[in-house]
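2 protein chains.
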Amino acid sequence: VAADDPGRVLVPTEEDRAAAPPGLRVEVWTGDGEPGGDLGDVTFYVAPYNRPDGITVIPRLTGLKAIQVLTAGYEQVQPLLPDGVSLYNAAGLHDASTAEMALALILAAQREVPEWAVDQRDGVWHRHFTRSLAGSRVLLVGYGGIGQAIEARLLPFEVEVTRLAGHARPDQQVHGVGELAALLPQADIVVLAVPETGATRGLIGAGELALLPDDALLVNVGRGSAVDQAALIAERGRIRAALDVLEKEPPPPGDPVWRAPGVFFSPHIGGGSATFVPRARRFVAEQLRRWAAGEPLLNPVDK
Amino acid sequence: VAADDPGRVLVPTEEDRAAAPPGLRVEVWTGDGEPGGDLGDVTFYVAPYNRPDGITVIPRLTGLKAIQVLTAGYEQVQPLLPDGVSLYNAAGLHDASTAEMALALILAAQREVPEWAVDQRDGVWHRHFTRSLAGSRVLLVGYGGIGQAIEARLLPFEVEVTRLAGHARPDQQVHGVGELAALLPQADIVVLAVPETGATRGLIGAGELALLPDDALLVNVGRGSAVDQAALIAERGRIRAALDVLEKEPPPPGDPVWRAPGVFFSPHIGGGSATFVPRARRFVAEQLRRWAAGEPLLNPVDK
């Protein structure tokens, strides 16, 4: 790409193209098949949401100056980015969707929704008391946008929320990760809402799980790598889990997570709900406007 | 029972007896087997929660002056009560438990928890976008204690709540039931939290369901009689439902509700969760104190 050539922009949907400012050369690639035209003239690439080919195409975009991912996490893109290419994420766009999935998982586990669903399918009526969310002590691990959105939705349920993040923030009553071991024994429910980083990989291992009281619930809406899944499976029956993310997605056939008692999972759909779509379109439109105007884009991330 | 005989009190748990004031003659009957002693000298009866024999014993309590049920609804007791026997319900005790079940059902339906549970059991990974709760228009039918508790839990989810009750309360922005037909076409989610009364039986029939937009969700945590279940089944595929209460509990084998697409149910456990237990024990202790002291009991209901 010549230095004075603004190049092409690749966006994932027709709505994104329709919302682009006039004068910008914008084409749509949904992540299916091959992107059209000379890939070397793509300067700004908005990767399609959750399409593996959307990532693997990156090394072929040899003129790339900036890439926008529509996920909050970006650990899968980092290794593919040459120096000098700016990376932007979608922090904030998934907060509402992911937070409501966290509540869906917590409530489903406490009130046995997965069990009732299987009972209904099997023609079984097995009425009995369940656990409740009310009265529970919740340890919220991760206090970024998603963590704060989870907390806002949790508070009316008559729970006691304790906040923990990588670094203590005394002014917000957020404990630092060094206090994790001290806080786990007092948690009925632990909710993980942390990105994948060197600091969060294996955050909840055998030692941490052993500190949880009997019948505690572990909820994960961040990244599967935060939990040592084999250690969790080893605690099945004593600790319950409701997971939107797993170490391997999908888990291999025969993996014990498919059938572990008290372990429920959904297929990584925390961010993937209807409310994401209009938010993503509004966000991409704003990024395209900034790109065309030469203004700084929103949500730059350190690679 | 002689006029000056305070008689016996029957309570459902040992904790209730232990909490009774000294001097009161209190015995435990859990609802299993036969109550002990002369049933004619029971003047105050605290019926065990959700035990059918707890209701059928009532006609044999010939000296009864007052009966306490631990449910909010009391339609099953009314036909058995002689004149002069006072009836007290447990309004308020189930609010937190039932409201959190309403949210569990709403979130489960929007985020497909029952489907993921069955997929997990079947070894299927079928990742796809789901509906969201955020951005939904919720029509809340019933604005008593449970309805208000549901609303408090719903509001942080970025929804628009419209309130409806038997009678309009303009000062609280509560619409009257006469506006139901006008409001249904604007509802993505309808939540029923009404008791069983002459006015609520069949409240949602074929005509009301037909007014709902495609893909609307009907949630019921009140009483099954509020919904014409055959009409709901006829709308399966167009309208979704998440029901904690049904017309017949359990539904007969072969009833289409067991397998209707988009219709999920739990076995009437809205009020039946762990958080109810300490609330019930505190409440019974207070009623026993009032009974012994000759003070008016809490929660009298019109028969």
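So the sequences go chain by chain: X and B. Take the position in the first sequence, starting the count at 1, then add 986; the result is the number in the numbering used here. Take the position in the second sequence, starting the count at 1, then add 986; the result is the number in the numbering used here. Each residue gets a CB set at the ideal place from its N, CA and C atoms; glycine is no exception.
Would you check if there are 3 or more beta carbon pairs closer than 8 Å linking the stretch 993-1008 of chain B to the stretch 1260-1268 of chain B?
-> Counting C-beta pairs closer than 8 Å gives three or more between the stretch 993-1008 of chain B and the stretch 1260-1268 of chain B, which meets the contact rule.
Mind pulling the chain X residues with CB within less than 7 Å of Arg-1107/B?
-> Contact of Arg-1107/B with chain X by beta-carbon distance below 7 Å involves Val-1104.
Going by beta carbon distance, what residues of the same chain come within less than 7 Å of Phe-1143/B, once the five residues before and after it are set aside?
-> These residues qualify, in order along the chain: Leu-1119 and Ala-1120.
Check whether the Cβ of Phe-1269/B lies closer than 9 Å to any Cβ atom in chain X.
-> Taking CB atoms only, Phe-1269/B has no neighbour in chain X less than 9 Å away.
Interfacial residues, the stretch 1238-1271 of chain B to chain X, with Cβ spacing under 7 Å = The stretch 1238-1271 of chain B vs chain X, Cβ under 7 Å: Pro-1239, Trp-1244, Phe-1250, Phe-1251, Ser-1252, Pro-1253, His-1254, Ile-1255, Gly-1258, Ser-1259, Ala-1260 and Thr-1261.
If you measure beta-carbon to beta-carbon, which residues of the stretch 1070-1104 of chain X are closer than 7 Å to chain B?
-> Those would be Ala-1082, Ser-1083, Glu-1086, Met-1087, Leu-1089, Ala-1090, Leu-1093, Ala-1094, Arg-1097, Val-1099, Pro-1100, Trp-1102, Ala-1103 and Val-1104, in chain order.
Proximity test, Cβ basis, 9 Å: Gly-1040/X and chain B | Not an interface residue.
What is the C-beta distance between Leu-1166/X and Thr-1148/X, in whole angstroms, given that I count them as a contact (C-beta under 8 Å)?
-> Not really, about 11 Å apart at Cβ, beyond 8 Å.
If the cut is a Cβ gap below 7 Å, which residues of chain X does Pro-982/B touch?
-> Lying outside 987 to 1289, the shown extent of chain B, residue 982/B is not represented and no answer is given.
Check whether the Cβ atoms of Trp-1102/B and Phe-1115/X sit closer than 9 Å, and answer yes or no.
-> In this structure, Phe-1115/X does not lie closer than 9 Å to Trp-1102/B by Cβ.
Quick one: is Gln-1158/X buried, meaning 16 or more other Cβ sit within 10 Å of its Cβ, or exposed?
-> Classification of Gln-1158/X: exposed, given that the 10 Å Cβ count is below 16.
Proximity of Ile-1190/B and Ala-1212/B at Cβ, strictly below 9 Å | In this structure, Ala-1212/B lies closer than 9 Å to Ile-1190/B by Cβ.
Between the Cα of Asp-1039/B and those of Val-1063/B, Thr-1029/B, Asp-1024/B and Gly-1026/B, spot the shortest distance and give me the residue it belongs to.
-> Ranked by how close their Cα comes to the Cα of Asp-1039/B, the residues Val-1063/B, Thr-1029/B, Asp-1024/B and Gly-1026/B have Val-1063/B in first place.
Beta-carbon separation of Leu-1170/X and Ile-1136/X under 9 Å?
-> Going by C-beta atoms, Leu-1170/X is not nearer than 9 Å to Ile-1136/X.
Check the Cβ-Cβ distances between His-933/X and every residue of chain B, and say whether any is below 9 Å.
-> The shown model of chain X, from 987 to 1289, leaves out residue 933/X, and the question about it has no answer.
By a C-beta neighbour count over all protein chains shown, 10 Å radius and 16 as the cutoff for buried, is Asp-1214/B buried or exposed?
-> It is buried - the Cβ of Asp-1214/B has at least 16 other Cβ atoms within 10 Å.
What are the start and end residues of the beta strand (DSSP E) that includes Ala-1228/B?
-> 1226-1229 is the span of the beta strand (DSSP E), which, as asked, contains Ala-1228/B.
Is the Cβ-Cβ distance between Ser-1117/X and Asp-1230/X less than 9 Å?
-> Residue 1117/X is actually Arg in this sequence, not Ser. Not a contact, by the Cβ cut-off of 9 Å.
Nearest to Ala-1246/X by alpha carbon, out of Ser-1259/X, Ala-1217/X and Glu-1272/X?
-> Of the listed residues, the one whose Cα sits closest to Ala-1246/X is Ala-1217/X.
Report yes or no: is there a C-beta of chain X within less than 9 Å of the C-beta of Gly-1290/B?
-> The structure shown has nothing for residue 1290/B, since chain B only spans 987 to 1289.
Selection of the stretch 1174-1200 of chain X by Cβ proximity to chain B, strictly under 8 Å | Within the stretch 1174-1200 of chain X, no residue has a Cβ that lies closer than 8 Å to any Cβ of chain B.
Residue-level contact to chain X via CB, Glu-1235/B, 9 Å cutoff | The beta-carbon of Glu-1235/B is placed less than 9 Å from the nearest beta-carbon of chain X.
In DSSP terms, what Tyr-1060/X is bridged to = BP columns for Tyr-1060/X are empty, so no partner.
Which runs of the beta strand (DSSP E) spanning at least 3 residues fall entirely within the stretch 1169-1257 of chain B, listed in chain order?
-> Counting only runs of 3 or more, we get 1175-1178, 1203-1206, 1226-1229 and 1249-1251.
Starting from Leu-1150/X, follow its DSSP beta bridges and name the residues at the other end.
-> In the DSSP output, where bridge partners are listed per residue, Leu-1150/X has Val-1127/X and His-1161/X.
Where does Gly-1254/X land, buried or exposed, given buried means 16+ other C-beta within 10 angstroms?
-> Note that residue 1254/X is His in the sequence shown, not Gly. Counting Cβ neighbours within 10 Å, His-1254/X comes out buried, since at least 16 surround it.
Taking only beta-carbon positions, decide if Arg-1209/B is within less than 9 Å of chain X.
-> Not closer than 9 Å to any Cβ of chain X, the Cβ of Arg-1209/B fails to qualify, so no.
With a threshold of 16 other CB atoms inside 10 Å of the CB of Val-1180/X, please say whether the residue is buried or exposed.
-> Classification of Val-1180/X: buried, given that the 10 Å Cβ count is 16 or more.
Could you tell me the distance, in whole angstroms, from the CA atom of Trp-1248/X to the CA atom of Val-1071/X?
-> According to the sequence shown, residue 1248/X is Gly rather than Trp. Here the alpha carbon of Gly-1248/X sits roughly 44 Å from the alpha carbon of Val-1071/X.
What three-state label does DSSP hand Pro-1065/X in the structure shown?
-> When secondary structure is reduced to three states using DSSP, Pro-1065/X falls in the helix class.
List the residues that DSSP assigns as beta-bridge partners of Arg-994/X.
-> Residue pairing by DSSP places Arg-994/X opposite Arg-1011/X and Val-1028/X in a beta bridge.
List the residues that DSSP assigns as beta-bridge partners of Pro-1286/B.
-> Tyr-1074/B.
Which word fits Pro-1237/B, buried or exposed, when buried means at least 16 other C-beta atoms lie within 10 angstroms of its C-beta?
-> Classification of Pro-1237/B: buried, given that the 10 Å Cβ count is 16 or more.
Quick one: using the 10 Å Cβ neighbour count with 16 as the cut-off for buried, is Glu-1020/X buried or exposed?
-> That one is exposed.
Extent of the continuous alpha helix (DSSP H) to which Ala-1266/B belongs | Taken as a continuous stretch (DSSP letters only), the alpha helix (DSSP H) holding Ala-1266/B covers 1262-1279.
Closer than 8 Å by beta-carbon distance: list the chain X residues that pair up with Arg-1011/B, in chain order.
-> Using a Cβ-Cβ cut-off of 8 Å, Arg-1011/B is close to nothing in chain X; its nearest Cβ partner there is about 30 Å away.
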